[in-house]
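What follows is a short report on a single structure.
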Amino acid sequence: MDSQVMMKLVVFDMDGTLLDGRTILFFARAFGFEDEARRIFSGRYSKKERSRLLAGFLKGVSTAELMDVVRGIPLMKGARETISELKKQGCKTAIVTDSYDIVAEHFRNELGVDRAFGIKLIVKDSRVTGEIEMPANCPTPDFCGDPSICKSEILKSLAEDFGIPLSETVAIGDNLVDFCMIKAAGIGIAFDPKVKVIEEAADVVIREKDLRLVLRNIKVI
Numbered sequence: 524m525d526s527q528v529m530m531k532l533v534v535f536d537m538d539g540t541l542l543d544g545r546t547i548l549f550f551a552r553a554f555g556f557e558d559e560a561r562r563i564f565s566g567r568y569s570k571k572e573r574s575r576l577l578a579g580f581l582k583g584v585s586t587a588e589l590m591d592v593v594r595g596i597p598l599m600k601g602a603r604e605t606i607s608e609l610k611k612q613g614c615k616t617a618i619v620t621d622s623y624d625i626v627a628e629h630f631r632n633e634l635g636v637d638r639a640f641g642i643k644l645i646v647k648d649s650r651v652t653g654e655i656e657m658p659a660n661c662p663t664p665d666f667c668g669d670p671s672i673c674k675s676e677i678l679k680s681l682a683e684d685f686g687i688p689l690s691e692t693v694a695i696g697d698n699l700v701d702f703c704m705i706k707a708a709g710i711g712i713a714f715d716p717k718v719k720v721i722e723e724a725a726d727v728v729i730r731e732k733d734l735r736l737v738l739r740n741i742k743v744i
């Protein structure tokens with residue numbers, strides 16, 4: 524990590540980083556499949572398989588019902604202030620999640636984030652079909668557990684789109700699916716890390732659940 528480099532792009536994981544909790548567990552409680560969700564999480568599934576199985580429980584749910592739940596998911600402490608300060612400093616921001624695009628887009632709009640990426644939850648006639656579309660395959664699926672979205676590839680694409688060197692990017696996440704983008708970024712931050720490998724990969728480890736601490740560890744334009 525070069526502490527003298529000014530950071531121009533900050534990429535946030537969503538569940539457990541920008542949000543204080545996991546989106547799918549809020550949906551599971553609201554729509555009555557909490558036990559099934561926990562069994563899937565404890566089973567021997569790849570992340571892609573898990574994503575497909577969990578999406579199936581949302582079949583028939585209206586987008587209005589879905590968004591009622593989304594509006595009740597709490598932001599992580601300091602999320603709003605941190606995004607606001609980054610915007611004020613002219614820094615680009617993005618949400619990259621292995622949760623659903625409809626949720627990421629909601630919080631992109633609420634927080635004023637520049638871009639958002641997630642798994643596409645298929646909706647027809649304002650109701651969830653139970654199907655999803657996942658982005659291109661991860662180049663290291665065995666290590667990351669065959670993730671449903673490759674965050675490092677999205678980070679690289681964003682940096683290219685904005686004309687920002689990877690050395691001037693920050694990636695913030697809490698779990699194994701964030702490993703690749705944390706390693707790829709100029710500064711990788713493990714926020715309230717859930718697995719040891721994320722701590723080992725990161726340049727900075729933040730254990731307190733307050734996103735404002737991110738601002739103490741980076742310099743932005």
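Residue numbers (the numbering used here): 524 to 744.
Just so you know, even glycine gets a beta-carbon here, dropped at the ideal spot from N, CA and C.
These figures come from a predicted structure and were not determined experimentally.
- Message: Using only the alpha-carbon positions, how far apart do Phe556 and Glu588 sit?
- Response: Within the model, the alpha-carbon separation for Phe556 versus Glu588 is close to 15 Å.
- Item | Proximity below 9 Å, CB of Leu678 to CB of Met657 | Against a cut-off of 9 Å, the Cβ pair of Met657 and Leu678 comes out as no contact.
- Considering Gly544, what are the terminal residues of the beta strand (DSSP E) in which it resides? Taken as a continuous stretch (DSSP letters only), Gly544 belongs to no beta strand (DSSP E), as it is neither H nor E.
- Could you check how far apart the C-beta atoms of Asn695 and Phe535 are, in whole angstroms? I think they sit under 8 Å. For clarity, residue 695 is Ile in the given sequence; the question names Asn instead. The C-beta separation of Ile695 from Phe535 comes to about 5 Å, placing the pair in contact by the 8 Å criterion.
- Task: Determine the direct distance from the alpha carbon of Lys674 to that of Lys719, and round the result to whole angstroms.
- Result: Answer to the nearest angstrom: the Cα atoms are 19 Å apart.
- Message: So for Thr586, helix, strand or coil by DSSP?
- Response: Thr586: helix per DSSP, three-state reduction.
- Who does Gly696 pair with in a DSSP beta bridge? Per DSSP, Ala713.
- Item | Contacts around Ala707, its chain only, beta-carbon distance under 6 Å, and the 5 residues preceding and following it disregarded | For Ala707, where only same-chain residues beyond five positions count, the Cβ hits under 6 Å are Ser675, Leu678.
- Task: Using DSSP bridges, identify the partner residues of Arg638.
- Result: Partner(s): Ala617.
- Message: Using the Cβ count rule (16 or more neighbours within 10 Å means buried), how would you classify Met537?
- Response: Classification for Met537: buried.
- Task: Alpha carbon to alpha carbon, how far is Leu609 from Asp591? Give it in angstroms, no decimals.
- Result: Spanning the two alpha carbons is a distance of roughly 28 Å.
- Query: In terms of residues, what are the limits of the beta strand (DSSP E) holding Val534?
  - Reply: Taken as a continuous stretch (DSSP letters only), the beta strand (DSSP E) holding Val534 covers 532-535.
- Message: In the DSSP assignment, the beta strand (DSSP E) including Ile729 goes from what residue to what residue?
- Response: For Ile729, the uninterrupted beta strand (DSSP E) segment begins and ends at 727-729.
- Task: Decide if Asn632 is buried, meaning its Cβ has at least 16 other Cβ atoms within 10 Å, or exposed.
- Result: Exposed is the call here.
- Task: Might you give, ordered along the chain, the residues of its own chain that have their beta carbon closer than 7 Å to the beta carbon of Asp637, omitting 5 neighbours on each side?
- Result: Once the five neighbours on either side are set aside, the close Cβ partners of Asp637 are Lys615, Thr616, Ala617.
- Any idea which residues DSSP pairs Ile655 with across the strands? Ile655 is bridged to Leu644.
- Task: Taking Lys571 as the reference, give the member of Phe702, Val737, Ile672, Ser690 with the closest Cα.
- Result: For the residues Phe702, Val737, Ile672, Ser690, the minimum Cα distance to Lys571 belongs to Ile672.
- Item | alpha helix (DSSP H) segment containing Ile705, residue limits | Here the alpha helix (DSSP H) through Ile705 covers 702-707.
- In terms of residue numbering, what span does the alpha helix (DSSP H) encompassing Arg562 cover? Looking at the DSSP string, the run of the alpha helix (DSSP H) that includes Arg562 is 557-565.
- Kindly list the residues whose CB is nearer than 6 Å to the CB of His629, restricted to its own chain and excluding five residues on each side of it in sequence; keep chain order. Cβ neighbours of His629 beyond the five flanking positions: Val593.
- Contact set for Ile606: own chain, Cβ-Cβ below 7 Å, skip 5 residues either direction: If the five residues before and after Ile606 are omitted, its C-beta is found closer than 7 Å to the C-beta atoms of Thr616, Leu634, Gly635, Val636, all from its own chain and listed in chain order.
- Can you name, in chain order, every residue of its own chain whose Cβ lies under 6 Å from the Cβ of Phe714, other than the five neighbours on each side? Correct list, in chain order: Thr540, Ile695, Asp697, Ile729.
- Message: Counting C-beta neighbours from all protein chains within 10 Å, is the total for Glu691 16 or more, i.e. buried, or is it exposed?
- Response: If you draw a 10 Å sphere on the C-beta of Glu691, you find 16 or more other C-beta atoms in it, and that means buried.
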